[in-house]
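Quick notes on the structure that follows.
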Amino acid sequence: MRREGYGPAALGGVLAAGVALGVAEAAAVFVRPEATPLVTISGAVVDRTPAGPREWAIRTFGTGDKPFLLLCITVLLVAFAAAIGVLARRRLGYGIVGVLALGGFAVWAAADRPTYRGTDVLPAVVGTVFGILALIVITRPELIDRRPLARPLPGAPGDDHYDEIPDTSRRTVVLAGAALTALATGIGGRMLQHVRFNAEDSRKQAAADFPKPVSPAPPAGAGFTEPGLSPYFTPNGDFYRIDTAFSVPQVRAEDWSLRIHGMVDRDIELSYRQLRERFAIERDITLTCVSNEVGGDLVGTARWLGTPLADLLREAGVHPKADQIVSRSHDGMTIGTPVLEVMDGRDAMLAYGMNGEPLPIKHGFPVRMVVPGLYGYVSACKWIVDIEVTTFDAFDAYWVKGGWAAKAPIKTQSRIDTPSADSSPKAGRIPVAGVAWAQHRGVQAVEVQVDNGAWQPAELAPQTTTDTWRQFRWMWDATPGRHTLRVRATDGTGAVQVAKEQDVLPDGATGFHRITVTVD
Ligand SMILES: Nc1nc2c(c(=O)[nH]1)N[C@H]1C(S)=C(S)[C@@H](COP(=O)(O)O)O[C@H]1N2
Ligand SMILES: [Mo]
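Take the position in the sequence shown, starting the count at 1, then add 1263; the result is the number in our numbering.
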């Protein structure tokens, strides 16, 4: 029997896998978007990636870490699928075993998710069945097209048959059909998932009757407006985003509820309406990611609207031995926060508003937690649905299992925004400006150093709360040549920012932000 070359065989395998993934997307329309193999496999991989490589990905690709991981997974899938195609060319049964292995892996990944529900395996199962059918048809097109392959030898039986469909064109038709099926089911499935599962209309509804705070935030003082300097409030569209969610959780406010349980006297269950009817506070708080490197941009300030968490916990009655509250999100994230910090009088809150609108879906709609002074991974649970009062001994939250510290107050940091690194400003008087943060301790002083000169005190924008960053500005008489600028802050307790350079793992980076400029 004549065999096709490796190239077409590999392409056949890839297209069969494409059909499997596409059909799985279509099947997920009847289950939920979180159940498609691409999402479950990515999630399983993220959960098993040690902190080191994960940090490298966040550092190198920033918010693009997820597209990068998806790309890696896609490349691996394509390679595996190509191998399946080549195996199927040797013997169809080998190829089928390959598709089953891939499908089995997808089923395992679906069942491995922390929020697993029985029906989540359906897209993987249905996709596998269609992947096998596609592989059979691609490898043996004659099964569906029974016309003879080639003109029979003169005198042989069937002499009267004429081959109108040459071998190659029949193959091309089958491959094109597989490609079209993969694209149509994949793209169509994604679009229908979005139509069926999205929280946008619920968010619009929440915006229509947006509550007013009973306790408004003090008016923010006039800040500096140097070009290039971060504004005091970070617009929602520019706010950094860090989470493990491959498919942004779509939680409708009307379907949402929060349960508080564990080491408490009485459980509490709240609907979105009940939460918004509670005492509403509005607070300006700067959020910071522990993965933010010195000089990085995983930090932002928003005006949050929500209800105090401590009041709710007091109503539940926290047992004296409990020292950790574990928040769980709709997508299975767990975040552990010390009871002490939540109850010590700071504005720990369950927030439903961000900069005057309902939380954006990416930032946790309908409700998230915000605790001033703690890194996001130990406090800022988005899409929160459950709070369990427990102890640090009894439970390690998600990031702690990955090697991060269980307790992580935000370290004092400062960043030069302007001039930008490696720029070439003109000689003369130019502003050196940026932001400094030491949430809940406040920033008392910021100093700038040029080359190895004396530390110069910078001007500070007025501060109405210790929970936000503070803009600083220092006027520099810049002389031509290459110069290094450094910045350091002093927090409200009088402690100077730590000079020693430390990496973000396990509890946040230290060191002074330093930039080099060449003055013309
Ligand atoms: N559900 C969920 N909440 C989460 C995370 C996550 O991965 N999943 N990441 C945390 C981390 S590490 C940070 S820094 C903040 C970031 O919040 P933002 O994306 O709104 O800026 O969310 C926190 N809350
Ligand atoms: Mo983070």
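Every residue, glycine too, gets a C-beta built ideally from N, C-alpha and C.
Kindly identify the DSSP beta-bridge partner or partners of Met1612.
Position 349 of the sequence shown, counted from the start, is the residue given in the question as residue 1612. Per DSSP, Pro1571 and Val1633.
Test: Ala1287 CB closer than 8 Å to a CB of chain B
Given the protein chain composition of this structure (a single chain), no chain B is represented.
Just mark Lys1674 as buried or exposed, buried being the case when its beta carbon has 16 or more other beta carbons within 10 Å.
Locating residue 1674 in the sequence shown gives position 411, where the first residue counts as 1. Its Cβ being crowded by 16 or more others within 10 Å, Lys1674 is buried.
For Glu1764 and Gln1468, the rounded distance between their alpha carbons
Counted from its first residue, the sequence shown places residue 1468 at position 205. Counted from its first residue, the sequence shown places residue 1764 at position 501. Gln1468 and Glu1764: Cα-Cα distance of roughly 47 Å.
When you compare only the Cα positions, how much space is there between Asp1560 and Ile1679?
For the purposes of this step, residue 1560 is taken as the residue at position 297 of the sequence shown. For the purposes of this step, residue 1679 is taken as the residue at position 416 of the sequence shown. Rounded to whole angstroms, Asp1560 to Ile1679 spans 11 Å at the Cα level.
Where Phe1628 and Leu1576 are concerned, what is the direct C-alpha to C-alpha distance, given to the nearest angstrom?
By one-based count along the sequence shown, residue 1628 stands at place 365. By one-based count along the sequence shown, residue 1576 stands at place 313. So the alpha carbons of these two residues sit roughly 22 Å apart.
Rounded to whole angstroms, what is the Cα-Cα separation between Pro1672 and Ser1642?
In the sequence shown, the residue the question calls residue 1672 occupies position 409. In the sequence shown, the residue the question calls residue 1642 occupies position 379. C-alpha separation (whole angstroms): 10 Å.
Cβ pair Ala1364, Tyr1357 closer than 8 Å
Residue 1364 sits at position 101 when you count from the first residue of the sequence shown. Residue 1357 sits at position 94 when you count from the first residue of the sequence shown. At a Cβ-Cβ threshold of 8 Å, Ala1364 and Tyr1357 do not count as neighbours.
Inter-stretch contact (C-beta, 8 Å, three-pair minimum) for the segment 1686-1701 and the segment 1739-1757
The segment 1686-1701 makes contact with the segment 1739-1757; the number of CB pairs closer than 8 Å reaches 3 or more.
Would you mind working out which of Ala1752, Val1630 and Gln1702 sits nearest Arg1736, comparing C-alpha positions?
Counting from one through the sequence shown, the residue named residue 1736 turns up at place 473. For the set Ala1752, Val1630 and Gln1702, the Cα lying nearest the Cα of Arg1736 is the one of Ala1752.
Tell me whether the beta-carbon of Ile1592 lies closer than 8 Å to the beta-carbon of Val1648.
What you label residue 1592 is simply residue 329 of the sequence shown in a count that begins at 1. What you label residue 1648 is simply residue 385 of the sequence shown in a count that begins at 1. Note that residue 1592 is Ser in the sequence shown here, rather than Ile. When the beta-carbon positions are compared, Ser1592 and Val1648 come within less than 8 Å of each other.
Taking any heavy atom of ligand 2 as the mark, which residues have a C-beta closer than 7 Å to it, listed down the chain?
Selection output, chain order preserved: Ile1505, Cys1552, Val1553, Ser1554, Leu1561, Tyr1638, Gly1639 and Tyr1640.
Kindly list the residues whose CB is nearer than 7 Å to the CB of Thr1448, restricted to its own chain and excluding five residues on each side of it in sequence; keep chain order.
Counted from its first residue, the sequence shown places residue 1448 at position 185. Excluding residues within five positions, the ones whose Cβ falls inside 7 Å are Gly1285, Val1286, Glu1288 and Ala1289.
With a Cβ-Cβ cutoff of 8 Å, do Glu1501 and Arg1546 count as a contact?
As a first step, residue 1501 is located in the sequence shown; it is residue number 238 there, counting from the start. As a first step, residue 1546 is located in the sequence shown; it is residue number 283 there, counting from the start. The question names Glu, but residue 1501 in the sequence shown is Asp. Not in contact: Asp1501 and Arg1546 (Cβ atoms no closer than 8 Å).
Please tell me whether, using a cut-off of 7 Å, the distance from the CB of Phe1324 to the nearest non-hydrogen atom of ligand 1 is below it.
Taking the first residue of the sequence shown as position 1, residue 1324 is located at position 61. Incorrect: Phe1324 has no Cβ contact closer than 7 Å to ligand 1.
Along the beta strand (DSSP E) that carries Asp1754, what are the first and last residues, could you check?
Residue numbering aside, residue 1754 sits at position 491 when the sequence shown is read from its first letter. Run containing Asp1754: Gly1744 to Asp1754, per the beta strand (DSSP E) assignment.
Which whole runs of the alpha helix (DSSP H) in the segment 1620-1669 are 4 residues long or more, in chain order?
For the segment 1620-1669, whole alpha helix (DSSP H) runs of length 4 or above, ordered along the chain, are 1661-1664.
heavy atom of ligand 1 below 7 Å from Ala1669 C-beta
Numbered from 1 along the sequence shown, position 406 holds the residue referred to as residue 1669. No, since every heavy atom of ligand 1 falls outside the 7 Å radius drawn around the Cβ of Ala1669.
Where the alpha helix (DSSP H) containing Trp1371 begins and where it ends
Position 108 of the sequence shown holds residue 1371. Run containing Trp1371: Leu1355 to Asp1375, per the alpha helix (DSSP H) assignment.
Under DSSP, the alpha helix (DSSP H) around Gln1468 begins and ends at which residues?
As a position in the sequence shown, residue 1468 is number 205, starting the count at 1. Counting along the chain, the alpha helix (DSSP H) containing Gln1468 begins and ends at Glu1463 to Ala1471.
Taking all protein chains shown into account, decide if Gln1726 is buried (16 or more other Cβ within 10 angstroms of its Cβ) or exposed.
In the sequence shown, counting from the first residue as 1, residue 1726 sits at position 463. With 16 or more Cβ atoms within 10 Å of its Cβ, Gln1726 is classed as buried.
Alpha-carbon spacing of Trp1567 relative to Arg1539, whole angstroms
The count along the sequence shown starts at 1 and reaches residue 1567 at position 304. The count along the sequence shown starts at 1 and reaches residue 1539 at position 276. Each residue's alpha carbon lies about 13 Å from the other.
Among Leu1723, Ser1677 and Thr1597, nearest to Ala1485 - alpha-carbon criterion:
Here residue 1485 refers to the residue found at position 222 when the sequence shown is read from its first residue. Leu1723 is the residue among Leu1723, Ser1677 and Thr1597 whose C-alpha sits nearest the C-alpha of Ala1485.
So, with DSSP's three-state summary, where would you put Arg1311?
What you label residue 1311 is simply residue 48 of the sequence shown in a count that begins at 1. DSSP places Arg1311 within a helical segment (H, G or I) once states are collapsed to three.
Does the beta carbon of Met1596 fall short of 7 Å from some heavy atom of ligand 1?
As a first step, residue 1596 is located in the sequence shown; it is residue number 333 there, counting from the start. Met1596 has its Cβ nearer than 7 Å to a heavy atom of ligand 1.
Buried/exposed call for Glu1297, threshold 16 Cβ in 10 Å
In the sequence shown, residue 1297 corresponds to position 34, counting from 1. Glu1297 comes out buried.
Where does Val1537 land, buried or exposed, given buried means 16+ other C-beta within 10 angstroms?
Start at 1 with the first residue of the sequence shown, and residue 1537 comes out as number 274. In the sequence under discussion, the amino acid at residue 1537 is Gln, which differs from the Val named in the question. Classification of Gln1537: exposed, given that the 10 Å Cβ count is below 16.
Give the straight-line distance between the Cα atoms of Gly1639 and Cys1552, rounded to the nearest whole angstrom.
One-based indexing of the sequence shown puts residue 1639 at position 376. One-based indexing of the sequence shown puts residue 1552 at position 289. Taking the CA atoms as reference points, Gly1639 sits about 5 Å from Cys1552.
Report all residues from its chain with a CB closer than 6 Å to the CB of Ala1445; omit the five preceding and five following residues, and keep chain order.
As a working note, residue 1445 is residue 182 in the sequence shown. Only Gly1281, Val1282 and Gly1285 meet the Cβ criterion.
Helix, strand or coil for Pro1330, going by three-state DSSP, please let me know.
Translated into positions along the sequence shown, residue 1330 becomes position 67. Assigned with DSSP and collapsed to three states, Pro1330 falls in helix.
Closest by CA to Asp1574, which one among Arg1541, Asn1555 and Glu1556?
One-based indexing of the sequence shown puts residue 1574 at position 311. If we check each option's Cα against that of Asp1574, Arg1541 comes out closest.
Excluding the 5 residues flanking Glu1620 on each side, which residues of the same chain have their C-beta closer than 8 Å to its C-beta?
Residue 1620 sits at position 357 when you count from the first residue of the sequence shown. Cβ neighbours of Glu1620 within its own chain (closer than 8 Å, five residues either side excluded): Ala1470, Phe1473 and Asn1499.
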